[in-house]
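**Q** Numbering (full-length UniProt numbering), first residue to last: 1 to 495.
Below you will find the structure I want to go over with you.
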């Protein structure tokens, strides 16, 4: 009787309430969609028409993907999910065996979805294609036959050992050129040891289409080998280039005068561009760079934001008098405190906002002296944002004492805002290790409570304006460019 009464209550809930339940279950807590489909007919009908549940879709993908992605093993599953998106926009990942699809199966798929289904795709990623069955010559032409009117983002991934899929790329780019007038961001991600042809089959198809290039506001080119016709990039605002090969034409960049620049794998960034560019840059990211051929001498008078990702060079040679924000991301492979040694070498800038990875578990706490020493670097820090990485992602007593002000050194005299983000427990423990999940959560909460309790007791410090705990998930297979997202925030000042 009670069970029947409970079902009646559930069936009488308004659609908006049920959708909110679905959102928390799938998007917030990252649980499976499929129990919602099996609960009852009403829940099934609402779940299959609630487009938010189906907005990130992947076909035949083996790679690590965003946590809310719906994985489709075949075209029938893809058709089912696309129809569930209704009229909403969606993101699409095409996996490693996309080029091995049979043309007759693609044609059948197109009869199962709306003829304009691709017009709702706002972001598209095509992964490296596995070698195997010959790609049907008209596969790309048929699959991308619908307009791409909503497409804003395209990412092309290619590994040197993978299949070249030019017959797919050409009709895709033709569709973008002719229909995607709101196209804004292009990413070309190349890895592996290339042959003599290099990446011509990709770049030539892109660079010969100035109508596409002039729409771009953001571009990322990782290890492409050919010169770039920058004159066509008339709307560009942010450039991200990688050049691990010292003989690559990318090493000497004749790039436009942008204000946002990201450089990866370079040995001497100062020689990459003319002085006018360095003088007007406001945001700079340097990734995977080491000081191999002398110091990084950079004069950046307008720079307000600097991000260093998995780097190793002396920062005292950088002149950044207006720097307001510093992000310092580290490689999990660094050990024995080496990841933070560059912060101690007489850094001249004094940022107001700092973002730092804490490589917990790999670096012993006694090697974290940079965080417990009164350095000029920390003298004006008002906000500090910590991200825990590594095998044992906890702050530990050393950092808790330093950030809370309990340490006698008083390293952060102006600090008033702190956020700490941890990897979600479910990414660290298997389903049958629920005890580890709760033990970890309790340890995290105790750390944050210590910050909350000790900061107000320090007379020299003002009251905390912000203390937040976050949980993040990470995906991707690149230690420098793996992506992550905070999926849950908690305002700890309300505890």
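Each residue gets a CB set at the ideal place from its N, CA and C atoms; glycine is no exception.
I'd like the ranges of any beta strand (DSSP E) spanning at least 3 consecutive residues and lying wholly in the region 129–190.
**A** Qualifying beta strand (DSSP E) stretches, in chain order: 153–159.
**Q** If we call anything under 8 angstroms between Cβ atoms a contact, is residue 319 one with residue 306?
**A** Taking 8 angstroms as the Cβ cut-off, residue 319 and residue 306 do not qualify as a contacting pair.
**Q** Does DSSP put residue 121 in a helix, a strand or coil?
**A** Note: residue 121 maps to strand in three-state DSSP.
**Q** Report the start-end ranges of each alpha helix (DSSP H) in the region 261–333 that is 4 residues or longer and not cut off at the edges.
**A** Fully enclosed alpha helix (DSSP H) runs of 4 or longer: 275–280.
**Q** Give me the DSSP bridge partner(s) of residue 422.
**A** Per DSSP, 471.
**Q** Quick one: grab the DSSP three-state call for residue 242.
**A** Note: residue 242 maps to strand in three-state DSSP.
**Q** Can you round the beta-carbon distance between residue 304 and residue 287 to whole angstroms, since I take them to be within the 8 angstroms contact cut?
**A** Not a contact, Cβ separation roughly 19 angstroms.
**Q** Only counting runs of 4 or more residues, tell me where the alpha helix (DSSP H) segments fall wholly within the region 42–126, in order along the chain.
**A** With a minimum length of 4 residues, the continuous alpha helix (DSSP H) runs that stay inside the region 42–126 are 75–84 and 103–112.
**Q** Check residue 491 in the structure and name its three-state DSSP category.
**A** If DSSP states are grouped into helix, strand and coil, residue 491 belongs with the strands.
**Q** Let me confirm a value: residue 407 is counted as buried when at least 16 other C-beta atoms fall within 10 Å, else exposed. Which label applies?
**A** Residue 407 comes out buried.
**Q** Could you give the C-beta distance for residue 328 and residue 308, rounded to a whole number, given that I count them as a contact under 8 angstroms?
**A** About 5 angstroms; that satisfies the 8 angstroms criterion.
**Q** For residue 155, which residues from the same chain have a beta carbon less than 6 angstroms from its beta carbon, with the 5 sequence-adjacent residues on both sides left out?
**A** The residues are 125 and 187.
**Q** Going by DSSP, name the residue or residues bridged to residue 357.
**A** Answer by DSSP bridge pairing, in chain order: 387.
**Q** Per the contact definition of three or more C-beta pairs closer than 8 angstroms, is the region 77–96 in contact with the region 480–492?
**A** No: the two stretches stay apart, fewer than three of their Cβ pairs being nearer than 8 angstroms.
**Q** Take residue 425 and list the residues in its own chain whose beta-carbon comes closer than 7 angstroms to its own, dropping the five residues that flank it on each side.
**A** Cβ within range, chain order: 437, 440 and 441.
**Q** Quick check on DSSP: helix, strand or coil for residue 449?
**A** Three-state result, residue 449: helix.
**Q** If you compare alpha carbons, which of 151, 131 and 112 is closest to residue 123?
**A** The shortest Cα separation from residue 123 among 151, 131 and 112 belongs to 151.
**Q** As a quick exercise: from 178, 76 and 377, pick the residue whose alpha carbon is nearest that of residue 348.
**A** For residue 348, the nearest C-alpha among the options comes from 377.
**Q** Given a cut-off of 8 angstroms, decide if residue 42 and residue 91 are closer than it, judged by their beta-carbon atoms.
**A** Against a cut-off of 8 angstroms, the Cβ pair of residue 42 and residue 91 comes out as no contact.
**Q** For residue 313, tell me which candidate among 139, 325, 298 and 302 has the shortest Cα-Cα distance.
**A** Here the closest residue by C-alpha is 298.
**Q** With DSSP run on the structure shown, which of helix, strand or coil describes residue 441?
**A** Residue 441: helix per DSSP, three-state reduction.
**Q** Nearest to residue 65 by CA position, among 95, 50, 47 and 49, is which residue?
**A** That would be 95, whose Cα lies nearest to the Cα of residue 65.
**Q** Starting from residue 406, follow its DSSP beta bridges and name the residues at the other end.
**A** Residue 406 pairs with nothing; no bridge assigned.
**Q** Would you list the one or two residues that DSSP bridges to residue 221?
**A** 188 and 241.
**Q** Could you give the residue range of the alpha helix (DSSP H) that holds residue 22?
**A** Per DSSP, residue 22 belongs to the alpha helix (DSSP H) from 15–22.
**Q** For residue 290, count the other beta carbons within 10 Å of its own beta carbon; 16 or more makes it buried, fewer makes it exposed. Which is it?
**A** So residue 290 counts as exposed.
**Q** Helix, strand or coil for residue 344? Go by DSSP, reduced to three states.
**A** Three-state result, residue 344: helix.
**Q** Using the rule of at least 16 other Cβ atoms within 10 Å of the residue's Cβ for burial, across every protein chain shown, is residue 243 buried or exposed?
**A** Residue 243 comes out buried.
**Q** When you compare the CB positions of residue 237 and residue 218, do they come within less than 8 angstroms of one another, or not?
**A** A contact, by the Cβ cut-off of 8 angstroms.
**Q** To the nearest angstrom, report how far apart residue 272 and residue 481 are at their CA atoms.
**A** Approximately 22 angstroms, taken between the alpha carbons.
**Q** From which residue to which residue does the alpha helix (DSSP H) around residue 203 run?
**A** Note, residue 203: alpha helix (DSSP H), 200–207.
**Q** Does residue 392 pass the burial test, meaning 16 or more other C-beta atoms within 10 Å, or should it be called exposed?
**A** With fewer than 16 Cβ atoms within 10 Å of its Cβ, residue 392 is classed as exposed.
**Q** From which residue to which residue does the alpha helix (DSSP H) around residue 236 run?
**A** First-last for residue 236: undefined, no H or E at that position.
**Q** Provide the residue span of the alpha helix (DSSP H) that contains residue 39, from first to last.
**A** Per DSSP, residue 39 belongs to the alpha helix (DSSP H) from 34–39.
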